[in-house]
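Visitor: One structure, pasted below without further comment.
Residue numbers (my numbering): 602 to 832.
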């Protein structure tokens with residue numbers, strides 16, 4: 602939980618900088634005003650597909666696997682595309698790709714906590730992780746502005762700051778997965794809820810097993826947390 606909290610906080614410092622500064626940065630570089638007003642819409646369009654696609658893929662290969670991939674890609678796109686991009690085409694490509702990754706980030710943020718939390722603690726832990734993440738959300742723009750001022754109007758330092766924090770935060774989150782599953786390329790893990798609340802869920806477990814006897818998730822002798830076969 603500590604690694605997830607630290608990682609999510611670092612990610613919050615990095616992920617909002619392109620969203621807030623992409624249009625301003627492009628305007629300062631001389632891009633057409635007519636195009637610049639659509640950049641945020643293009644980014645949000647990519648975010649829409651990222652939010653939908655990430656959830657469907659995560660159901661198949663695991664939440665932490667998808668989250669780590671998209672957040673690593675977000676950091677790489679900042680460092681490899683946004684920094685050197687000078688053309689209109691490069692800017693649009695970055696907006697679409699980063700939008701997809703940022704949408705997946707938003708979509709899977711709370712799901713990561715659910716996968717490592719006992720049922721009675723899910724609400725508390727989700728609230729706690731977003732409390733710490735709010736520090737990044739509130740301070741990242743002033744910090745980025747200070748970096749911009751220190752660099753005499755150069756956006757390079759701000760972009761490097763965002764990209765590095767995204768990579769560092771993703772590494773912390775992915776470390777949680779490695780702690781539970783070891784060095785495996787693809788592994789899913791999570792919590793079986795049936796044992797966590799036996800009194801409240803006993804009737805539900807019994808009813809579910811009668812209706813769907815093959816659904817092992819709700820069997821009373823289910824495997825305790827952690828496990829690697831489920832997700």
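Cβ atoms here follow ideal geometry from the backbone N, Cα and C, with glycine treated the same way.
How would you label residue 679, buried or exposed, when you count the other beta carbons within 10 angstroms and need 16 or more for buried?
Guide: Per the 10 Å Cβ criterion, buried.
Visitor: For the alpha helix (DSSP H) containing residue 720, name the first residue and the last one.
Guide: Counting along the chain, residue 720 falls outside any alpha helix (DSSP H), and DSSP gives it neither H nor E.
Visitor: Given residue 606, which residues of its chain have a CB within under 6 Å of its CB, disregarding the five upstream and five downstream residues?
Guide: 730 and 733
Visitor: Taking 6 Å as the limit between beta carbons, can you name the residues of its chain near residue 705, skipping five residues before and five after?
Guide: Result list for residue 705: 651, 655 and 671, in chain order.
Visitor: According to the neighbour-count rule (16 or more other Cβ atoms, all chains shown, within 10 Å of its Cβ), is residue 762 buried or exposed?
Guide: buried
Visitor: Return the CA-CA distance between residue 778 and residue 626, expressed in angstroms with no decimal places.
Guide: If I take the Cα positions, the gap works out to 36 Å.
Visitor: What are the complete alpha helix (DSSP H) segments, minimum 4 residues, inside the region 705 to 778?
Guide: 723 to 751
Visitor: What's the call for residue 666, buried or exposed, on a 16-neighbour Cβ count within 10 Å?
Guide: buried
Visitor: So is residue 718 buried or exposed if we call it buried at 16+ other beta carbons inside 10 Å?
Guide: buried
Visitor: Taking DSSP as the reference, what is the three-state secondary structure of residue 648?
Guide: helix
Visitor: Pick out the complete beta strand (DSSP E) segments inside the region 608 to 686, 3 residues or longer, and give them in chain order.
Guide: Contiguous beta strand (DSSP E) elements confined to the region 608 to 686 do not occur, taking only those with 3 or more residues.
Visitor: Is the separation between the beta-carbon of residue 613 and that of residue 692 shorter than 8 Å?
Guide: No, these two residues do not count as a Cβ contact at 8 Å.
Visitor: Determine the DSSP secondary structure at residue 703, reduced to helix, strand or coil.
Guide: In the three-state scheme derived from DSSP, where H, G and I count as helix and E and B as strand, residue 703 is classed as helix.
Visitor: I need the straight-line Cα distance from residue 697 to residue 648, nearest angstrom please.
Guide: 8 Å
Visitor: Please classify residue 771 as buried or exposed, where buried requires at least 16 neighbouring CB atoms within 10 angstroms.
Guide: Buried, because 16 or more other Cβ atoms sit within 10 Å of the Cβ of residue 771.
Visitor: Using C-beta distances below 6 Å, list every residue in its chain close to residue 708, excluding the 5 sequence neighbours before and after it, in chain order.
Guide: 652, 655 and 656
Visitor: Pick helix, strand or coil for residue 784, following the three-state DSSP scheme.
Guide: coil
Visitor: Restricting to Cα atoms, I'd like to know which of 623, 608, 767 and 721 is closest to residue 756.
Guide: 623
Visitor: With distances taken between CB atoms, is the gap from residue 611 to residue 766 smaller than 8 Å?
Guide: Yes, these two residues count as a Cβ contact at 8 Å.
Visitor: Take the Cβ of residue 736 as the centre, count every other Cβ of all protein chains shown within 10 Å, and call the residue buried at 16 or more, exposed below.
Guide: exposed
Visitor: Since residue 760 and residue 677 should fall inside the 8 Å C-beta cutoff, what is the C-beta to C-beta distance between them, to a whole number of angstroms?
Guide: Wrong, their Cβ atoms sit about 12 Å apart, outside the cutoff.
Visitor: Can you tell me the Cα-Cα spacing of residue 617 and residue 716, whole angstroms?
Guide: 25 Å
Visitor: Leaving out the 5 sequence neighbours to the left and right, which residues in its chain are closer than 6 Å to residue 764 when beta-carbon positions are compared?
Guide: 676, 679 and 680
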